[in-house]
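K.L.:
Next up is a structure, given as structure tokens.
In UniProt numbering, the protein residues as written are 1 to 530.
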């Protein structure tokens, strides 16, 4: 009997220790996997923010380039900033550089600076594609501070190189996303170029830039795999082990990385590990085989349930506290669930959204295109099809919400689509900025009348219609006699009021199909159709 009990106790001790080690390893892997999911979601959101910043830069640079090619030296970027035509405060400097590298116009005024030796200039000389070049951080020759320059090529009508439009941003502007993401005190957020230079890195509260990325694990891995998550020992950064998720930025030679401290993520597991070891020692010494086995199994079961509840709570917290709207959508478009941000953006509660389709929230004229986009996203691999779309939603109060929405497909074990994950970002402000830029470029800022450019466009249309239908059209040219005397006697403020009054009276004196424009000063033009 003693031998039997001894053998039974020995077997029980072995079983206890094997189970303890196996459970500890399993919970550690579960904790790592649970941390990778929210990190991956944050990496997607960070990538979208970077893409939106770069697209905003492209839009501003393309607008400046178009105006420069049309008007050449007639534009003044400094005046555009003061008058509000350029309202994007993210870009610290906007400059036009000619083919020799000399700055011919800048939002800072006249600059005696040459950029012929800068990478953002030389990279665009032979660039056959109209793409934005994101330079590594450099010290600005005007500000003396570190900036990330971005350039767009100016191509003359004959195809030759005509210079670049360059915009500069602070490196910290790319990592402002950190403030809305809970990454802990040792969290990491990084934007790196394919050239192996870090554009911006934020660890905790400290922002740095210009580091070499050659020794970074995620930089090496993204060469063969565009996205992934893993545990990094931190030797190439600061020695802190982290759970890192990275993604290649779609459409740009850049890489984003999000990391949380490994110790923070597995701290609950380490606490439970101490409990497991204590129970194992007690079981080994007590030799109370069946009773201890029952207690151990019961304890393990409770701890497993607690671990599952903790994991589920972590997922719910990450889902609902995300800075972007996230919704789960069935393949037929029915909304399966949405986080608090998504509900707040649209003004509906989650219960109401669950009874709606994503098509119900879309504009009627856009529903067919949204339906086709979902079908393509389900059928085409993500590497062969853009997963992002800009579209308009209707809020509950009837107002329009412009969003940039990325769709990810979650598939079951057989590879069939299970549901879609929609990551939605509010871009209403950017859309309104685009509309304002277009309006300001074609209208006089004082009288709000069409300017000379819009006048000529409208005149060309009226003349073409008159020739086509054999009708007559009229052009009136007016100026104000004695306007200079008003300015001299009463000041320019009163002169501006007079111009506004004249503009209003002229506008009310013509038909709806006619056009009144202000050329400059006290000069006005009228196009009378038919």
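Beta carbons: idealized from backbone N, C-alpha and C, even for Gly.
#1: Compare the C-beta of residue 299 against all C-beta atoms of chain D and say whether one is closer than 9 Å.
#2: Do residue 69 and residue 95 have their C-beta atoms closer together than 9 Å?
#3: Using a Cβ-Cβ cutoff of less than 8 Å, which residues in the same chain neighbour residue 47 once the five nearest sequence positions on both sides are dropped?
#4: Helix, strand or coil for residue 485 per DSSP?
#5: Count the other CB atoms within 10 Å of the CB of residue 220; is the residue buried (16 or more) or exposed (fewer)?
#6: Which of the three DSSP states, helix, strand or coil, is assigned to residue 72?
#7: What residue range does the alpha helix (DSSP H) around residue 328 cover?
#8: Starting from residue 217, trace the alpha helix (DSSP H) in both directions and tell me its first and last residue.
#9: Apart from the five residues just before and just after residue 233, which ones in its own chain have a Cβ nearer than 6 Å to its Cβ?
#10: Looking at the unbroken beta strand (DSSP E) that takes in residue 96, where does it start and where does it end?
#11: Cα separation between residue 420 and residue 403?
#12: Starting from the Cα of residue 152, find the closest Cα among 173, 126, 137, 213 and give me that residue.
#13: If we ignore side chains and look at the alpha-carbon of each, how far apart do residue 148 and residue 139 end up?
#14: Can you name, in chain order, every residue of its own chain whose Cβ lies under 6 Å from the Cβ of residue 383, other than the five neighbours on each side?
#15: With a floor of 3 residues, list each beta strand (DSSP E) that falls wholly inside the stretch 201-273, ordered by position along the chain.
#16: I need the straight-line Cα distance from residue 445 to residue 495, nearest angstrom please.
#17: State the DSSP-derived secondary structure class of residue 366, mapped to helix, strand or coil.
#18: On the CB-based measure, 16 or more other CB atoms within 10 Å of its CB, does residue 91 come out buried or exposed?
#19: Expressed to the nearest angstrom, what Euclidean distance is found between the alpha-carbon atoms of residue 64 and residue 52?
#20: Quick one: which unbroken alpha helix (DSSP H) runs of 4-plus residues sit fully inside the stretch 394-466? Chain order, please.
#21: Is the stretch 329-345 close to the stretch 409-424, with three or more CB pairs under 8 Å?
#22: Answer with buried or exposed for residue 272, where buried requires no fewer than 16 other C-beta atoms within 10 angstroms of its C-beta.
#23: Classify residue 253 as buried or exposed, calling it buried when 16 or more other Cβ atoms lie within 10 Å of its own Cβ.
#24: CB-CB under 8 Å to residue 399, same chain, minus the five flanking residues each way: which ones, in chain order?
#25: What does the Cβ neighbour count give for residue 144, buried or exposed, with the cut at 16 atoms within 10 Å?
#26: Figure out for me which residue from 367, 39, 413 has the closest Cα to the Cα of residue 230.
#27: Using a Cβ-Cβ cut-off of 7 Å (strictly less than) and excluding sequence neighbours within five positions of residue 529, which residues of its own chain qualify?
#28: Does the stretch 129-137 touch the stretch 186-206, meaning 3 or more C-beta pairs lie closer than 8 Å?
#29: Quick check on DSSP: helix, strand or coil for residue 195?
#30: Does DSSP put residue 383 in a helix, a strand or coil?
#31: Could you check whether residue 100 and residue 159 sit closer than 9 Å to each other, using their CB atoms as the reference points?
#32: How would you write the range of the alpha helix (DSSP H) that residue 359 sits in, first residue to last?
#33: What are the boundary residues of the beta strand (DSSP E) that residue 160 is part of?
#34: Does the stretch 467-485 come within contact of the stretch 505-525, defined as at least 3 CB pairs closer than 8 Å?
#35: Run the CB neighbour count on residue 192, radius 10 Å, all protein chains shown included, and call it buried at 16 or more, exposed below.
#36: So, for residue 500: in the same chain, excluding its five sequence neighbours on each side, which residues have a beta-carbon less than 6 Å away from its beta-carbon?
P.N.:
The short version:
#1: Absent from the structure is chain D; it holds one protein chain and no more.
#2: Walking along the chain shown from the start, residue 69 turns up at place 69. Walking along the chain shown from the start, residue 95 turns up at place 95. Cβ distance not < 9 Å, so residue 69 and residue 95 don't count as in contact.
#3: If you number the chain shown from 1, residue 47 lands on position 47. These residues qualify, in order along the chain: 247, 249, 250, 256.
#4: Along the chain shown, one-based indexing puts residue 485 at 485. Helix.
#5: Your numbering for residue 220 matches position 220 in the chain shown. Classification for residue 220: exposed.
#6: The count along the chain shown starts at 1 and reaches residue 72 at position 72. Correct three-state label for residue 72: helix.
#7: For this step, residue 328 is matched to residue 328 along the chain shown. Element bounds for residue 328: not the alpha helix (DSSP H) but the beta strand (DSSP E), 325-329.
#8: Start at 1 with the first residue of the chain shown, and residue 217 comes out as number 217. From DSSP, the alpha helix (DSSP H) with residue 217 extends over 217-221.
#9: Start at 1 with the first residue of the chain shown, and residue 233 comes out as number 233. Cβ neighbours of residue 233 beyond the five flanking positions: 241.
#10: Numbered from its first residue, the chain shown carries residue 96 at position 96. 93-97 is the span of the beta strand (DSSP E), which, as asked, contains residue 96.
#11: The residue labelled residue 420 in the question sits at position 420 within the chain shown. The residue labelled residue 403 in the question sits at position 403 within the chain shown. The alpha-carbon atoms of residue 420 and residue 403 are separated by roughly 17 Å.
#12: For the purposes of this step, residue 152 is taken as residue 152 along the chain shown, with counting starting at 1. That would be 126, whose Cα lies nearest to the Cα of residue 152.
#13: On the chain shown, position 148 is the one that residue 148 refers to. On the chain shown, position 139 is the one that residue 139 refers to. Cα-Cα distance, rounded: 9 Å.
#14: Numbered from 1 along the chain shown, position 383 holds the residue referred to as residue 383. For residue 383, the predicted model reports a pLDDT of 47, less than 50, meaning its position is unreliable and no value from the coordinates is stated.
#15: 206-208, 227-232, 242-248, 254-261
#16: Within the chain shown, numbered from 1, the residue matching residue 445 stands at position 445. Within the chain shown, numbered from 1, the residue matching residue 495 stands at position 495. Answer to the nearest angstrom: the Cα atoms are 15 Å apart.
#17: Within the chain shown, numbered from 1, the residue matching residue 366 stands at position 366. Residue 366 falls in the helix class under three-state DSSP.
#18: Your numbering for residue 91 matches position 91 in the chain shown. The residue in question, residue 91, is buried, as its Cβ has 16 or more Cβ neighbours within 10 Å.
#19: Taking the first residue of the chain shown as 1, we reach residue 64 at position 64. Taking the first residue of the chain shown as 1, we reach residue 52 at position 52. Approximately 18 Å between the Cα atoms of the pair.
#20: 428-442
#21: Verdict: yes, contact present.
#22: As a first step, residue 272 is located in the chain shown; it is residue number 272 there, counting from the start. Around the beta-carbon of residue 272, 16 or more other beta-carbon atoms lie within 10 Å, marking it buried.
#23: Numbered from 1 along the chain shown, position 253 holds the residue referred to as residue 253. Residue 253 should be labelled exposed.
#24: Taking the first residue of the chain shown as 1, we reach residue 399 at position 399. So the list is empty, once near-sequence residues are dropped.
#25: Along the chain shown, read from residue 1 onward, the residue named residue 144 stands at position 144. Exposed, because fewer than 16 other Cβ atoms sit within 10 Å of the Cβ of residue 144.
#26: Translated into positions along the chain shown, residue 230 becomes position 230. Closest option to residue 230, Cα to Cα, is 39.
#27: The residue you call residue 529 lines up with position 529 of the chain shown. Around residue 529: 462, 473, 513, 514.
#28: Taking 8 Å as the limit for Cβ pairs, the verdict is that the stretch 129-137 does touch the stretch 186-206.
#29: For the purposes of this step, residue 195 is identified with residue 195 of the chain shown, where counting begins at 1. In the structure shown, residue 195 sits in coil (DSSP, three-state: anything other than H, G, I, E or B).
#30: Against the chain shown, residue 383 aligns to sequence position 383. With a pLDDT of only 47 at residue 383, under 50, the local geometry of the prediction cannot be trusted, and the value read off the model is given with reservation. In the three-state reduction of the DSSP assignment, residue 383 falls in the coil class, being assigned neither a helical nor a strand state.
#31: For the purposes of this step, residue 159 is identified with residue 159 of the chain shown, where counting begins at 1. For the purposes of this step, residue 100 is identified with residue 100 of the chain shown, where counting begins at 1. Against a cut-off of 9 Å, the Cβ pair of residue 100 and residue 159 comes out as no contact.
#32: Taking the first residue of the chain shown as position 1, residue 359 is located at position 359. Start and end: 358-361.
#33: On the chain shown, residue 160 is found 160 positions in, with the first residue counted as 1. Premise fails: residue 160 is in no beta strand (DSSP E) and is neither H nor E.
#34: yes
#35: The residue labelled residue 192 in the question sits at position 192 within the chain shown. By the neighbour-count rule (16 or more Cβ atoms within 10 Å), residue 192 is buried.
#36: By one-based count along the chain shown, residue 500 stands at place 500. Hits under 6 Å: 447.
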